[in-house]
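Contents: one structure, followed by commentary.
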Amino acid sequence: MNDPMVSRSSAQASVLQTNKVLRNTYALLSMTLLWSAVVAAFSMAMNLPRPGLILMLVGFYGLLFLTEKNRNNSMGLVFTFLFTGFLGYTTGPILNAYVGAGMGDVIVTALGGTALAS
181 MNDPMVSRSS AQASVLQTNK VLRNTYALLS MTLLWSAVVA AFSMAMNLPR PGLILMLVGF
241 YGLLFLTEKN RNNSMGLVFT FLFTGFLGYT TGPILNAYVG AGMGDVIVTA LGGTALAS
């Protein structure tokens, strides 16, 4: 009689553990997306120049490499935020080009569409 109860208890614990992992994963995803948006907004506000092709490639691939190599320690989290911040920095000048061309409504529509899709 007690065996099924223990089995259900461990199954419930497994489901709770899975839910906790998913909740933490989505929390980290939302934090990195927010960080990228903040850096993009800063890049737009400061009117920072576009990075050159070499800097962009070295930044993207270098930070991807560092993130992957440090995925099992705390520095992996730091490199993840550096990577998403770099993505935001490179997105800022592109957004400024759209705003400068009078297409700010395209940015707002894309932002709203992304928010509704999530």
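Per our numbering, the sequence shown starts with residue 181, numbered consecutively. The beta carbon of each residue, even a glycine, is placed where N, CA and C say it ideally should be.
With 16 other CB atoms within 10 Å as the buried threshold, where does residue i fall?
i: F245; result: exposed
i: Y269; result: buried
i: L243; result: buried
i: A207; result: exposed
i: G272; result: buried
i: S210; result: exposed
i: T264; result: buried
Between the alpha carbons of residue i and residue j, how many angstroms are there, rounded?
i: G256; j: L262; result: 10 angstroms
i: N227; j: T247; result: 28 angstroms
i: V201; j: A295; result: 23 angstroms
i: L196; j: N204; result: 12 angstroms
i: L233; j: A290; result: 26 angstroms
Whose C-alpha, out of the options, is nearest the C-alpha of residue i?
i: V219; options: F266, K200, L209; result: F266
i: F259; options: S223, T212, V201; result: T212
i: F222; options: I274, L202, N199; result: I274
i: M224; options: A295, G284, A290, L296; result: G284
Contact criterion: CB-CB distance below 7 angstroms. Does residue i meet it with respect to chain C?
i: T271; result: Among the chains in the structure shown there is no chain C, since it carries only a single protein chain.
Query raised in the report: Of all the alpha helix (DSSP H) runs that stay within the bounds of the region 184-250, which reach a length of 4 or more residues?
Result: List check, alpha helix (DSSP H) in window: 233-249.
Query raised in the report: Does the region 229-239 come within contact of the region 192-203, defined as at least 3 CB pairs closer than 8 angstroms?
Result: The answer is no - the region 192-203 does not touch the region 229-239, with fewer than three Cβ pairs under 8 angstroms.
**Report entry** Any 3 or more C-beta pairs closer than 8 angstroms across the region 248-258 and the region 269-280
**Finding:** Here the region 248-258 does not lie against the region 269-280, with fewer than 3 beta-carbon pairs under 8 angstroms apart.
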